[in-house]
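One structure below.
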Amino acid sequence: MIRLSKSRYTRGVSCPKALWLDLYKPEAAEAVTDPRLAEQGTEVGRLAQELYGPHVTVEYSPDHARMPEDTEKYLARGEKVICEASFAKDGCFCSADVLQNLGNGHVIMTEVKSSTAIDPMYLHDCSFQTYVIESCGCTVDRILLAHINSGYVRKGKIDIQQLFLQEDITEKVRELLPGVPDRIRSLREELEKGEPGTAIGPDCPACAYWGYCSKNLPHPNVFDLTGAECNKNKKWKLYLEGAVSFPQLAERNDLKERQRLTVTGVEKTDAQAVRDFLKTIPLPTYHLDFESSQEAVPPYEDSRPYQQIPFQYSLHIVRKEGEEPEHKEFLAEDANADPRRALAESLCRDIPADACVAAYNMAFEKTRIKELADLFPDLAEHLLAIRDNIRDLMVPFQKLYCYRPAMQGSYSIKHVLPALCPDDPELDYRALEDVHNGTEATSAFLSMRKQTGEELAKTRKNLLRYCRLDTLAMVRVWEKLKEMAEG
Ligand code: SF4
């Protein structure tokens, strides 16, 4: 009999095939989970254990063997709050994040999540736990979901009562409860028969097993299309109508220009539009890119959960056409301290208030600068002038003044750059060490908190090289646009 935990149960409810692959073919998964998510979940869970005062915690054991016994002991001796309270019945096991013991077998269960909203799958998660706990003889009087309050602003020490929103989901969970035994039974039956034949659906492309489950589709296919005009519902509709391969899609007359260029592999250059765009970016131009971190538990004074905190920037300054750009950069000295004041001051030193600034996908840089201006009123005038002077280098690709088949329908700089500057070793992100993208940059910055000496110096060097490449890439893209305009 397949043992079910709450995570296996919810996985199976969302897709039985995904659970089967987790159990028997995990090597088929492509994406690697961001380790920061697990770390943040652990930190959030640890903080939530304080929500209801003094508590005991059931010690983890890899085979779970002792955990239900220890829980029983704690309940029997009248412990009021038990964290990781564990129950097992008929091959089903759960550890409730926090259990308040009301006595006489009555409990309140709290499930802790590091998200800022309730996902419907959390209700399935809690229904499974409630089923297991009640199968063991307890009565769950109330079921609470403690999740992160996105409106919380840190002032001094973390206030956990403000950091968490506790929502009573008892009724919603009770609605699902009668169906749990059948779901468990049918899930086990399905998994025991071998690999489920679950058909792909519109949400599948986000799954780690997408490559495995879509191996029989022609490649490239409709799910490789990008662009805001072609969302998952549109792709799914095309798929169901038999427009799967690019040749099949090329026969459709309801595709937008980006998708049509993508499926036909045709390149496009509108030199006049590129010329007009470049007129909006006078020299000298300051090519700017930020790196930022995001944490569930706000790490600094006046920061919110999941707020993007800029900790680094790179700046390439092009003063004259044909000249190599000047480079400036900032990286927070101490990852444990709030980097924003030093970054804002450095930005004001490096970029004159009347300079033309270029960013790629400027909404991100503009928003970060506005947040800095709100936080530091004495720098606000200069910061807001920088923000207002930003031009978006993404526009020619987003508006299709320029398209190359190698962009694969995307206008992200990670696709635009190799399409315009193929095989340039200076611009090869794969040649970088450890930090190759924004996610890795955030992880590297957060890891600096525990590093010293050579290890810290190496991380700093990798971060600086990565961010420098981002703005150098922007300069090279701008040079290519110049060539297009002139050609
Ligand atoms: S790709 Fe779709 S069908 Fe395959 S495991 Fe993932 S969710 Fe299930």
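With the sequence shown counted from 1, adding 1215 to any position gets you our numbering. From the three backbone atoms N, C-alpha and C, an ideal C-beta is built for every residue, glycine too.
Exposed or buried, what is residue i when buried is set at 16 or more other beta-carbons lying within 10 Å of its beta-carbon?
i: A1443; result: exposed
i: W1344; result: Note on identity: in this sequence residue 1344 is Gln, with Trp being the wrong assignment. That one is buried.
i: V1489; result: buried
i: T1325; result: buried
i: A1291; result: exposed
i: L1498; result: exposed
i: H1339; result: buried
i: K1328; result: buried
i: G1624; result: buried
i: T1225; result: buried
i: Q1509; result: exposed
i: A1300; result: buried
i: P1520; result: buried
i: D1685; result: buried
i: K1543; result: buried
i: H1434; result: exposed
i: K1450; result: buried
i: R1691; result: buried
i: T1286; result: buried
i: M1216; result: exposed
i: Q1527; result: buried
i: S1658; result: buried
i: M1455; result: Rather than Met, the amino acid found at residue 1455 in this sequence is Leu. The residue in question, L1455, is exposed, as its Cβ has fewer than 16 Cβ neighbours within 10 Å.
i: E1405; result: buried
i: M1336; result: exposed
i: R1556; result: exposed
i: T1257; result: exposed
i: T1582; result: exposed
With H, G and I counted as helix, E and B as strand and the rest as coil, what does DSSP make of residue i?
i: L1317; result: strand
i: S1365; result: coil
i: Q1255; result: helix
i: E1274; result: coil
i: E1482; result: coil
i: R1519; result: coil
i: K1614; result: coil
i: S1401; result: helix
i: Y1424; result: coil
i: T1495; result: coil
i: H1502; result: strand
i: E1382; result: strand
i: L1453; result: helix
i: L1647; result: coil
i: L1290; result: helix
i: L1219; result: strand
i: D1285; result: helix
i: C1419; result: helix
i: T1345; result: helix
i: N1468; result: coil
i: K1370; result: coil
i: V1512; result: coil
i: K1387; result: helix
i: D1638; result: coil
i: R1619; result: coil
i: L1266; result: coil
i: K1629; result: helix
i: S1329; result: coil
i: S1350; result: helix
i: A1443; result: coil
i: N1431; result: coil
i: E1410; result: coil
i: G1306; result: coil
i: G1702; result: coil
In the DSSP output, what is residue i paired with across the bridge?
i: V1437; result: Paired residues: none, contrary to the question.
i: E1541; result: I1532
i: A1578; result: Paired residues: none, contrary to the question.
i: P1525; result: S1507
i: A1300; result: A1311
i: M1324; result: L1314, I1358
i: S1460; result: N1436
i: D1607; result: A1574
i: L1546; result: Q1527
Could you check whether the Cβ of residue i sits closer than 8 Å to any Cβ belonging to chain C?
i: Q1623; result: The structure shown contains no chain C; it is built from a single protein chain.
Which parts of the segment 1653 to 1698 are runs of the beta strand (DSSP E), unbroken and 3 residues or longer, counting only runs that do not cross its ends?
The DSSP assignment places no complete run of the beta strand (DSSP E) inside the segment 1653 to 1698 (cut-off: 3 residues).
Identify every run of the alpha helix (DSSP H) within the segment 1554 to 1604, keeping only runs that are complete inside it and at least 4 residues long; order them along the chain.
Entirely contained in the segment 1554 to 1604, the alpha helix (DSSP H) runs reaching 4 residues are, in chain order, 1555 to 1565, 1578 to 1590, 1595 to 1603.
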